[in-house]
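Peer 1:
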Amino acid sequence: MYGYGFGDPVNLSDRSGQIPKWLRNLIGIVGEEIGGDVTTVGGISPLLPLRVFTLGIGILRFIDGLFGPGPNPTVSSQGAPPVGTEIEFQNMAQRAERVYTAHTPTVGPPIGLPPVAPPGPPPGGGSRRGPVPTEPGGWTASAGSAVDAIGFLTNFALGIGPDDIYLFDDSPQAADMFGAPGVANARALFSAGGCSGVSNFDASFGLIGGAPPGWSVRGPGGSYLVGQDGQFSAALFNPSLLLFPTRQLMGTYKINIQNAGNGLAQVSLFNPMSTTSAFLHFPRARSSGMFRTIRFHITWVEALPQGCGR
Amino acid sequence: MKRVFPLALAVAWSVLGCSDRVSRPVTGGYCLDQMFDGDHYNLTPCDATAGLHGRTDNGPLDGVVLQIGWNKRYIVVRRQAIVRSEADGWMILDTQIARLRGPLSDEEWERERAKDPALRGVLVRPVVQAWALLNGL
Numbered sequence: 000m001y002g003y004g005f006g007d008p009v010n011l012s013d014r015s016g017q018i019p020k021w022l023r024n025l026i027g028i029v030g031e032e033i034g035g036d037v038t039t040v041g042g043i044s045p046l047l048p049l050r051v052f053t054l055g056i057g058i059l060r061f062i063d064g065l066f067g068p069g070p071n072p073t074v075s076s077q078g079a080p081p082v083g084t085e086i087e088f089q090n091m092a093q094r095a096e097r098v099y100t101a102h103t104p105t106v107g108p109p110i111g112l113p114p115v116a117p118p119g120p121p122p123g124g125g126s127r128r129g130p131v132p133t134e135p136g137g138w139t140a141s142a143g144s145a146v147d148a149i150g151f152l153t154n155f156a157l158g159i160g161p162d163d164i165y166l167f168d169d170s171p172q173a174a175d176m177f178g179a180p181g182v183a184n185a186r187a188l189f190s191a192g193g194c195s196g197v198s199n200f201d202a203s204f205g206l207i208g209g210a211p212p213g214w215s216v217r218g219p220g221g222s223y224l225v226g227q228d229g230q231f232s233a234a235l236f237n238p239s240l241l242l243f244p245t246r247q248l249m250g251t252y253k254i255n256i257q258n259a260g261n262g263l264a265q266v267s268l269f270n271p272m273s274t275t276s277a278f279l280h281f282p283r284a285r286s287s288g289m290f291r292t293i294r295f296h297i298t299w300v301e302a303l304p305q306g307c308g309r
Numbered sequence: 000m001k002r003v004f005p006l007a008l009a010v011a012w013s014v015l016g017c018s019d020r021v022s023r024p025v026t027g028g029y030c031l032d033q034m035f036d037g038d039h040y041n042l043t044p045c046d047a048t049a050g051l052h053g054r055t056d057n058g059p060l061d062g063v064v065l066q067i068g069w070n071k072r073y074i075v076v077r078r079q080a081i082v083r084s085e086a087d088g089w090m091i092l093d094t095q096i097a098r099l100r101g102p103l104s105d106e107e108w109e110r111e112r113a114k115d116p117a118l119r120g121v122l123v124r125p126v127v128q129a130w131a132l133l134n135g136l
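Chains A and B, in that order, give the protein sequences. Note that the first sequence covers residues 0 to 309 in numbering that gives the first Met the number 0. Note that the second sequence covers residues 0 to 136 in numbering that gives the first Met the number 0.
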């Protein structure tokens with residue numbers, strides 16, 4: 000796909016033949032994390048082929064995205080690294096680590112344990128925190144995601160930060176959403192359908208939560224009065240706002256679940272945060288400036304539900 | 000500005016969580032919804048409580064709309080199923096008696112169409128074209 004074969008060197012040097020300092024630093028971070036050489040596809044360690052291969056492909060894709068397509072990209076040495084570069088690399092490393100761990104359960108820590116390195120700040124803002132607290136059989140939400148939510152909201156209000164925010168397994172946002180009613184409903188449908196896959200499953204968020212899928216009640220505009228999740232639940236307080244701010248930010252979202260093989264499922268969520276959704280569905284969505292639309296993409300890998308073929 | 004910004008932030012915070020969805024009535028109390036991502040459309044009851052329900056919030060078709068046509072009584076949709084192990088295909092919604100048939104293969108749909116004169120007149124369009132039509136474009 001990228002013109003490289005397994006074990007081929009990846010050219011990360013700029014026009015002077017040197018690897019730029021910023022990129023060298025990032026490679027150092029990633030290399031330390033995976034314990035391998037990331038400057039070759041496949042790496043140098045015969046013990047770590049999959050994790051380094053995965054990461055190598057990730058790096059190629061990343062570099063192609065940054066510097067244009069081509070089998071032998073030339074890295075620019077001009078200026079500072081693009082915004083979000085470090086985060087992207089760390090995310091890549093952690094994803095590679097998770098895939099590697101999942102494929103070799105006897106070598107790495109079991110799925111669900113926190114990543115080795117603390118996750119970086121989300122691209123849209125927020126602060127650096129420790130790893131997401133996780134435990135086998137389910138994730139628990141992090142109250143720290145409120146800090147990020149305020150960051151996202153500030154970016155939204157001021158029109159700053161990236162338009163697309165990508166969050167992965169290691170983020171508190173993924174932990175927030177892992178147990179959301181919509182995700183649980185999609186997971187149940189995925190399981191009932193033989194774990195072949197679920198696509199474009201809409202999970203509604205209303206004023207009141209708790210509706211089974213298919214029984215949400217429309218509100219004015221494009222809103223829901225009663226949704227699968229909501230501001231108020233049976234407990235008559237606002238769990239979304241107080242405990243799971245990401246669910247509040249995501250509102251109604253789309254879920255895709257793919258059978259990733261090897262006993263794993265990849266869950267992807269998508270939702271845009273726009274003026275339409277934020278202000279009672281009256282204003283039109285904006286593409287730039289203050290209150291412009293920010294799109295959230297949250298992805299994680301989890302074990303297939305019980306009863307699915309592994 | 001100093002006062003407006005925190006106020007706007009507070010308002011946005013308190014009401015965030017809804018979503019962008021635009022609905023246009025089709026026929027018989029059903030609406031075509033253009034969902035927030037702009038790339039998928041659902042057919043759902045326009046009314047808050049009436050109409051057929053599915054197992055998903057995507058509507059009674061339990062799928063997204065790829066092609067759609069309608070007359071006063073029928074809505075015909077070629078759907079893509081939400082659950083991949085279920086068949087895609089043609090769904091015929093009879094809004095008069097609240098009955099849903101499908102998914103049908105192309106051949107089965109042609110046979111149904113040939114049998115029922117009311118279905119013969121249904122002009123099926125790609126959903127984007129139908130959406131433009133419903134928007135008067």
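Just so you know, even glycine gets a beta-carbon here, dropped at the ideal spot from N, CA and C. Keep in mind that this is a model prediction, so the values were computed, not measured.
(1) Starting from Pro219 (chain A) and walking both ways along the beta strand (DSSP E), at which residues does that stretch end?
(2) Listing by chain order, which chain A residues have their CB less than 9 Å from the CB of Ile81 (chain B)?
(3) Under 8 Å, do Gly213 (chain A) and Gly37 (chain B) count as touching if we go by C-beta distance?
(4) Counting only C-beta atoms, is Ala47 (chain B) closer than 8 Å to chain A at any point?
(5) What residues of chain A sit near Arg72 (chain B), judged by a beta carbon separation below 7 Å?
(6) Of all the alpha helix (DSSP H) runs that stay within the bounds of the region 78-122 of chain B, which reach a length of 4 or more residues?
(7) Per DSSP, what kind of secondary structure is Leu136 (chain B) in: helix, strand or coil?
(8) Do Arg291 (chain A) and Asp163 (chain A) have their C-beta atoms closer together than 8 Å?
(9) What residue range does the alpha helix (DSSP H) around Asn154 (chain A) cover?
(10) With 16 other CB atoms within 10 Å as the buried threshold, where does Lys71 (chain B) fall?
(11) According to DSSP, Ala302 (chain A) sits in a beta bridge with which residue or residues?
(12) According to DSSP, what are the bridge partners of Leu63 (chain B)?
(13) At a CB-CB cut-off below 8 Å, which residues of chain A make contact with Asn134 (chain B)?
(14) Quick check on Trp69 (chain B): does DSSP put it in helix, strand or coil?
(15) Could you pull the DSSP bridge partners for Phe200 (chain A) from this structure?
(16) Is it buried or exposed for Pro24 (chain B), if we count other Cβ within 10 angstroms and need 16 for buried?
(17) Beta carbon of Ala148 (chain A), beta carbon of Leu248 (chain A): below 8 Å?
(18) Would you grab the beta carbon distance between Trp130 (chain B) and Gln33 (chain B) for me? Rounded to a whole angstrom, and I think it's under 8 Å.
(19) By how many angstroms is the C-alpha of Leu157 (chain A) removed from the C-alpha of Tyr73 (chain B)?
(20) For chain B, find out if any of its Cβ atoms is closer than 8 Å to the Cβ of Gly213 (chain A); answer yes or no.
(21) Out of A:Gly196, A:Gln230, A:Ala183, state which residue places its alpha-carbon closest to the alpha-carbon of Ala80 (chain B).
(22) Going by C-alpha to C-alpha distance, which of B:Leu42, B:Asp46, B:Leu51 sits closest to Trp69 (chain B)?
Peer 2: Result, derived from the coordinates:
(1) Element bounds for Pro219 (chain A): n/a, residue is neither H nor E.
(2) Ala185, Leu188, Gly192, Val197, Ser198, Asn199, Phe200, Asp201
(3) no
(4) yes
(5) Neighbours of Arg72 (chain B) on chain A: none; closest Cβ ~23 Å, over 7 Å.
(6) 105-114, 116-119
(7) coil
(8) no
(9) 144-157
(10) exposed
(11) A:Leu263
(12) At residue 63 (chain B) the sequence reads Val, which differs from the Leu that was named. Paired residues: B:Gln79.
(13) Near Asn134 (chain B) there are no residues of chain A at all, since even the closest Cβ is about 14 Å away, more than 8 Å.
(14) strand
(15) A:Ile254
(16) exposed
(17) yes
(18) 6 Å
(19) 47 Å
(20) yes
(21) A:Gly196
(22) B:Leu42
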